[in-house]
Each structure stands twice: as C-alpha cells, then as structure tokens.
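Mapping the sequence shown onto my numbering, position 181 (from 1) lands on 165, and the numbers just tick up by one. Think of the CB as a built atom: it goes at the ideal place given N, C-alpha and C, for glycine as much as any other residue. Heads up: the structure comes next, in structure tokens.
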Amino acid sequence: VFIPQGFDDNDVTEVLVHGKFPNSCYQVGEGKYILDRENNQITVWVTAFGYPAVKCAQVITPYLTSIKVGILAEGKYQVNVQNEPAADFAVVTRTTESPDDYLYAPVSGGDIEVDFNSGRQYLNLIGSYPHTLWGCLKIRYVQMELGSNNVLVVKPIMEHLPDSQCQGYSHDFKESFGLSQPLSGENVLHVRSINGNSYNRFIQVY
C-alpha cells in the first residue's frame, strides 16, 4: 500500500495498492474499501479476474490500482489490508475552498529517466492543454516531495497567461525536470492533475 501525502479535507483521498500476479492469466479488477469513520480506519482490498483456460505467459505481472476513498475530515487515518495495519496518513485542514490548492497541469503520463553518464534522474511529464486555451497556459514550476513511504508527490503548477502573452504553442506538452532527491528501489509516482485528478505509476529504480 502506498499513500500520497498532502491531502486536505477538500481533496479526494487516494489509497494506492500495488501487487504482483504470478502470470499473465490475471487482470486487476475493482479496488474497494470500508471506511470506519468512528475509528478513522480504512480497510482496502482489490479484486482480480482469472482466466485459467487461456494459455498464459509465466511471468510476474505487476499492477497498481488507485482506490478513491473520497473527501475525509481532518485527522489521522490507518489503512488496513486483510485486517492488518498497512499504512497511515494524515488529512489536514484546507487552505482554500477550491478543489485544488493550485491550478495543476492536465498531466496524462509520466516516468523517471536516468542519465547513465551523469547518474542524474529526470521526471518527464506529458499531457495536453485544453484546446480553447492553447498558448495561454504553461507550467510555471513543479513541486516534488518524496515521502517516507516511497511516494514521490508531484504538483505541476500551471499559470494562465494574460491575453497579450499568449503564443501559438502546441496543444501537447512534454516537460522534463531534474530530481533533487534520487529514487531507489520500489516507488510510486503520484502526479496531481487538473480538476482533482491524478496520474499514478509504479517505478523501480536500480
């Protein structure tokens, strides 16, 4: 279980569950949860579909699924899997009434790239700006924070340019940013996106 940190009490909270299937005969199904509001405990589980009659590749097949727990009150919460504590996190008081603290870029994908000559790691983000605002939006800066639970929380903060500064940029974007703190081992990339959405990806760095 991976929990992105930094949710407040007007965010849709997410619990990310990562696992591995023994072969390609499985397909991840729906992630579900039970919320015990009295004790601030969340029990999560993930269903799967199995296809035993199909010829399968005998390879370990990883998956990552997001369980949307919804808007939670301020406080500390514990996440359980199979009745055992798996992780905990805190929800803080909101600083704005809008769904997000910032105007986040509409990110649809991302990965971590390693420059093998220098050893430096880079975050690559891709997405598409709304077609009605081509050339009037740009990513101003990106906040990145690697939590103790190996989740890299990325906030690509976008700005709306004045009409006089709008230019004929492409509607698609690809941006690259150097990581100040390198990743190692098993991690999850969690990128906040526009309208309370997010992009999540499991990443292994050796």
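Asked, Found
"Out of Glu129, Tyr17, Pro36, Trp29, which one is the CA nearest neighbour of Gly3?", "Trp29"
"How big is the Cα-Cα spacing for Val(-4) and Thr45?", "28 Å"
"Indicate whether Ala74 and Gly59 have their beta-carbon atoms separated by less than 9 Å.", "yes"
"Nearest-angstrom Cα distance between Leu173 and Gln149?", "32 Å"
"Out of His155, Tyr47, Val138, Ser112, point me to the one whose CA is closest to Phe5's CA.", "Tyr47"
"Inspect the beta-carbon positions of Tyr17 and Ile51 and report whether they are closer than 9 Å.", "yes"
"Would you kindly work out how many angstroms separate the C-alpha atoms of Gly(-10) and Val38, rounded to a whole number?", "43 Å"
"Out of curiosity, what's the CA-to-CA distance linking Cys40 and Asn171?", "27 Å"
"Going along the chain, which unbroken runs of the beta strand (DSSP E) with 3 or more residues stay wholly within the segment 105 to 165?", "105 to 112, 121 to 130, 135 to 144, 156 to 162"
"Can you tell me whether Val43 is buried or exposed? The criterion is at least 16 other CB atoms within 10 Å of its CB, across all chains shown.", "exposed"
"Looking only at its own chain, which residues have a Cβ that is under 6 Å from the Cβ of Asn134, when we skip the five neighbours before and after it?", "Asn171"
"Is the Cβ of Thr79 closer than 9 Å to any Cβ of chain B?", "Among the chains in the structure shown there is no chain B, since it carries only a single protein chain."
"For the beta strand (DSSP E) holding Pro(-12), just list the boundary residues, first then last.", "Premise fails: Pro(-12) is in no beta strand (DSSP E) and is neither H nor E."
"Using 8 Å as the cut-off, can you tell me whether the segment 138 to 147 makes contact with the segment 80 to 94, which would need three or more C-beta pairs spanning the two stretches below that distance?", "yes"
"Report the rounded CA-to-CA distance for Ser82 versus Tyr183, giving the unit in angstroms.", "20 Å"
"Can you name, in chain order, every residue of its own chain whose Cβ lies under 6 Å from the Cβ of Thr31, other than the five neighbours on each side?", "Gly13, Glu14"
"Determine the contact status of Tyr106 and Gly162, defining contact as a CB-CB distance below 9 Å.", "yes"
"Quick one: using the 10 Å Cβ neighbour count with 16 as the cut-off for buried, is Arg104 buried or exposed?", "exposed"
"May I ask you to report which of helix, strand or coil DSSP gives Gly103?", "coil"
"Can you give me the C-alpha to C-alpha distance between Lys158 and Leu19, rounded to a whole angstrom?", "38 Å"
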